[in-house]
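>
Residue numbers (the numbering used here): 1436 to 2045.
(1) Under 8 Å between the Cβ atoms of residue 1686 and residue 1828?
(2) Rounded to the nearest angstrom, what separates residue 2063 and residue 1937 at their Cα positions?
(3) Among 1859, 1850, 1945, whose alpha-carbon lies nearest the alpha-carbon of residue 1877?
(4) Could you tell me the distance, in whole angstroms, from the CA atom of residue 1552 to the CA atom of residue 1544?
(5) Could you check the C-alpha separation between residue 1555 and residue 1507 for me, to the nearest Å?
(6) The beta strand (DSSP E) that contains residue 1835, what's its start and end?
(7) Please state if the CB of residue 1901 and the CB of residue 1916 are separated by a distance shorter than 8 Å.
(8) Assign residue 1697 to buried or exposed, taking buried as 16 or more other Cβ atoms, counted over all protein chains shown, within 10 Å of its Cβ.
(9) Rounded to the nearest angstrom, what separates residue 1517 and residue 1925 at their Cα positions?
(10) Let's test the definition: count the other Cβ atoms within 10 Å of the Cβ of residue 1541 and tell me whether it reaches 16, buried, or not, exposed.
(11) Residue 1527 and residue 1483: beta carbons closer than 8 Å?
(12) Under a Cβ-count criterion, where at least 16 other Cβ atoms within 10 Å of its own Cβ denotes burial, should residue 1577 be classed as buried or exposed?
(13) Do the region 1882 to 1899 and the region 1931 to 1945 make contact, defined as three or more Cβ pairs closer than 8 Å?
(14) For residue 1705, does the three-state DSSP call read helix, strand or coil?
(15) Are the CB atoms of residue 1805 and residue 1914 nearer to each other than 8 Å?
(16) Restricting to Cα atoms, I'd like to know which of 1912, 1870, 1848, 1906 is closest to residue 1881.
(17) Would you kindly report the start and end of the unbroken alpha helix (DSSP H) that includes residue 1824?
(18) Just to confirm the assignment, what range does the beta strand (DSSP E) spanning residue 1744 have?
(19) Across which residues does DSSP place residue 1894 in a beta bridge pair?
(20) Tell me the residue span of the alpha helix (DSSP H) that contains residue 1571.
(21) Short of 7 Å in beta carbon distance, which residues of its chain neighbour residue 1537, apart from the five on each side in sequence? Order them along the chain.
(22) Tell me whether residue 1715 sits in a helix, a strand or coil according to DSSP, three-state version.
(23) What three-state label does DSSP hand residue 1872 in the structure shown?
(24) Considering residue 1944, what are the terminal residues of the alpha helix (DSSP H) in which it resides?
(25) Along the chain, which unbroken stretches of the alpha helix (DSSP H) at least 4 residues long are found entirely within the region 1452 to 1530?
(26) Helix, strand or coil for residue 1921? Go by DSSP, reduced to three states.
(27) Quick check: what's the CA-CA separation for residue 1560 versus residue 1480?
(28) Count the other CB atoms, across all protein chains shown, that sit within 10 Å of the CB of residue 1725; report buried if there are 16 or more and exposed otherwise.
(29) Any heavy atom of the ligand COA inside 7 Å of the beta-carbon of residue 1888?
(30) Determine the burial state of residue 1823: buried for a count of at least 16 other Cβ atoms within 10 Å of its Cβ, exposed for fewer.
(31) Taking the alpha carbon of residue 1844 as the reference point, which residue from 1754, 1887, 1746 has its own alpha carbon closest?
(32) Is it true that the CB of residue 1739 sits closer than 8 Å to the CB of residue 1719?
(33) Evaluate contact between the region 1488 to 1507 and the region 1520 to 1535, counting only Cβ atoms and requiring at least three cross-stretch pairs below 8 Å.
(34) Around the Cβ of residue 1870, are there at least 16 other Cβ atoms within 10 angstroms (buried) or fewer (exposed)?
(35) Does the beta-carbon of residue 1892 have 16 or more other beta-carbons within 10 angstroms, so that it is buried, or is it exposed?
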């Protein structure tokens, strides 16, 4: 409800020329209400950010198309296009903070800079296609403007809520004739500016399959004549299920009906009941009898999105593996021996001769099920890649998180997607925990093409069990779950979880703590946030806002001093803390796209200083 009220208060402040001009006139995008200097700074900020976020050659067409479309969206003169193209090609990064200040000083944004997030979301959804790269850009611009990322989430959720309500109202045929004009005005007040200006395509795409389809003949009273015309066209009908997949079923509508190669089981289980413009898929690494006998058990506290799924795969083999792991650790290997093994792994002197003879004699207990699951996880990952490429989930950003063999599923999914065309703009963030995959950076380079946001590698240096199953490989082999991946890319984030994870089994047992450590919101975090808000009195909230404004002013002064000293950082490298709580943008002022490995940060800072 709070999100809806925020939405309506935002919408109520917008100009209402269209209401007085009749149904045939459509809204003007919010961005066009800025002064010309503000619009130029807005476009330049987006172009510079695109160049920093997606500098690869294969991303050049996306940068160009986005920039050209955005210049038209803001109704800027064509004469500025060469400058914007140059910004999108990597020039002018040093002007980021200048453009931020120009934009924030625009009269339209003085009271409410969230207008920019709202407008950018409208632009990115104009075709009923929410590209993962576009969402990463929105998060980055939102952070640059010192806007809490929660504002974006509120806008996304409110958009769905408003559209769903309008769709349900339309299905009430008994009251259609009496409420036509009321619904029309309500849409104009409450929906994102610009959705109707693209012919109503997004309005239909967002709600495709969620309720009874709109009838083209009556749609003119809701989205205007231009929207009705688009509805009646082939293109308009094609985008009806754009964002949520065929018939709106999404991933819950998919279940493997026959065996595919070596795969016997592959199904998506819902973790939440909600709907969202971006989704999260969690992948479990093994199963065991008792508390953790289900795929959903480790993820019960996760709340990264309102729409979350868990992949159920190869139950029989994962259960065998889990029971083998349990037998090995609780039966054959004493706690004292495990601590000794942990120290040995940490010392880095592990060879085939250093493993205890008692452990080697029972190695077959783990080797056989591990080998089977190792092979099947790769096959499941490749199958998942083709499911995502087919847009079974609709045209929405997807985040993937998995531990152990679940992380291996994700790794092979990304590798498979990287070999296919049209694989960009689907995956937003990926989190691999204790991944039993190659840790050499060269094997991870291809993944950069597929992932738009962050590639988080969570590892534990003392995970002796993971090292043990790789004992027959070369001594020099690097395992991602044991060490950082030295990939020089802003996407790469290495998280040492040794203080949270004592052994491989902890990836399942300590998942709640691990999620918090890597910056993923949990249900407990949400309750804490709600509690802290409710405890504040209105006067305290005003004081908190004033303190935030004062801190923001001090930060601005610090930035200006840095710029004067010639130490300004390029786009995305503005001052921020790179703690784990910032990695996935769950705090008040996140730095969602600028969290990367230490080496990458040092190199970027060096470039900025030059």
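Glycine included, each C-beta is placed from N, C-alpha and C at the ideal position.
The relevant details are as follows:
(1) For the purposes of this step, residue 1686 is identified with residue 251 of the chain shown, where counting begins at 1. For the purposes of this step, residue 1828 is identified with residue 393 of the chain shown, where counting begins at 1. Yes, these two residues count as a Cβ contact at 8 Å.
(2) Because the chain spans 1436 through 2045 in this model, residue 2063 falls outside it and cannot be assessed.
(3) For the purposes of this step, residue 1877 is identified with residue 442 of the chain shown, where counting begins at 1. Answer by Cα proximity: 1850.
(4) On the chain shown, residue 1552 is found 117 positions in, with the first residue counted as 1. On the chain shown, residue 1544 is found 109 positions in, with the first residue counted as 1. Taking the straight line from one Cα to the other gives about 11 Å.
(5) Counting from 1 along the chain shown, the entry for residue 1555 is found at position 120. Counting from 1 along the chain shown, the entry for residue 1507 is found at position 72. Their backbone Cα atoms lie some 13 Å apart in a straight line.
(6) Here the question's residue 1835 lines up with position 400 in the chain shown. Segment 1833 to 1838, the beta strand (DSSP E) holding residue 1835.
(7) Within the chain shown, the letter at position 481 stands for residue 1916. Within the chain shown, the letter at position 466 stands for residue 1901. Cβ atoms of residue 1916 and residue 1901: closer than 8 Å.
(8) To locate residue 1697, count along the chain shown from 1; it is residue 262. Classification for residue 1697: exposed.
(9) As a working note, residue 1517 is residue 82 in the chain shown. As a working note, residue 1925 is residue 490 in the chain shown. Distance between the alpha carbons of residue 1517 and residue 1925 is about 27 Å.
(10) Taking the chain shown and counting its residues from 1, one reaches residue 1541 at position 106. Counting Cβ neighbours within 10 Å, residue 1541 comes out buried, since at least 16 surround it.
(11) Sequence index remark: in the chain shown, residue 1527 carries index 92 (1-based). Sequence index remark: in the chain shown, residue 1483 carries index 48 (1-based). Closer than 8 Å, so yes.
(12) Counting from 1 along the chain shown, the entry for residue 1577 is found at position 142. Residue 1577 comes out buried.
(13) yes
(14) To locate residue 1705, count along the chain shown from 1; it is residue 270. It is a strand residue.
(15) Sequence index remark: in the chain shown, residue 1805 carries index 370 (1-based). Sequence index remark: in the chain shown, residue 1914 carries index 479 (1-based). The answer is no: Cβ separation not under 8 Å.
(16) The residue you call residue 1881 lines up with position 446 of the chain shown. With distances taken between Cα atoms, residue 1881 lies closest to 1848.
(17) Translated into positions along the chain shown, residue 1824 becomes position 389. Element bounds for residue 1824: 1799 to 1824.
(18) For the purposes of this step, residue 1744 is taken as residue 309 along the chain shown, with counting starting at 1. From DSSP, the beta strand (DSSP E) with residue 1744 extends over 1743 to 1748.
(19) Against the chain shown, residue 1894 aligns to sequence position 459. DSSP, once it has assigned bridges, lists 1931 as partnering residue 1894.
(20) The count along the chain shown starts at 1 and reaches residue 1571 at position 136. Per DSSP, residue 1571 belongs to the alpha helix (DSSP H) from 1567 to 1579.
(21) Locating residue 1537 in the chain shown gives position 102, counting from the first residue. Taken in chain order, the residues that qualify are 1472, 1473, 1476.
(22) For the purposes of this step, residue 1715 is taken as residue 280 along the chain shown, with counting starting at 1. In this structure, residue 1715 counts as strand in the three-state DSSP scheme.
(23) Mapped onto the chain shown, residue 1872 falls at position 437. Three-state result, residue 1872: coil.
(24) Counted from its first residue, the chain shown places residue 1944 at position 509. Residues 1941 to 1944.
(25) 1452 to 1456, 1471 to 1488, 1495 to 1508, 1516 to 1523
(26) Stepping through the chain shown from its first residue, residue 1921 is reached at position 486. Coil, per DSSP.
(27) Counting from 1 along the chain shown, the entry for residue 1560 is found at position 125. Counting from 1 along the chain shown, the entry for residue 1480 is found at position 45. Straight-line Cα distance between these residues: approximately 19 Å.
(28) Locating residue 1725 in the chain shown gives position 290, where the first residue counts as 1. Exposed.
(29) Ligands in the displayed structure: none, and consequently the ligand COA is not present.
(30) As a position in the chain shown, residue 1823 is number 388, starting the count at 1. The residue in question, residue 1823, is buried, as its Cβ has 16 or more Cβ neighbours within 10 Å.
(31) Translated into positions along the chain shown, residue 1844 becomes position 409. Here the closest residue by C-alpha is 1746.
(32) Stepping through the chain shown from its first residue, residue 1719 is reached at position 284. Stepping through the chain shown from its first residue, residue 1739 is reached at position 304. Against a cut-off of 8 Å, the Cβ pair of residue 1739 and residue 1719 comes out as no contact.
(33) yes
(34) Stepping through the chain shown from its first residue, residue 1870 is reached at position 435. Under this definition residue 1870 is a buried residue.
(35) In the chain shown, the residue the question calls residue 1892 occupies position 457. With 16 or more other Cβ atoms within 10 Å, it is buried.
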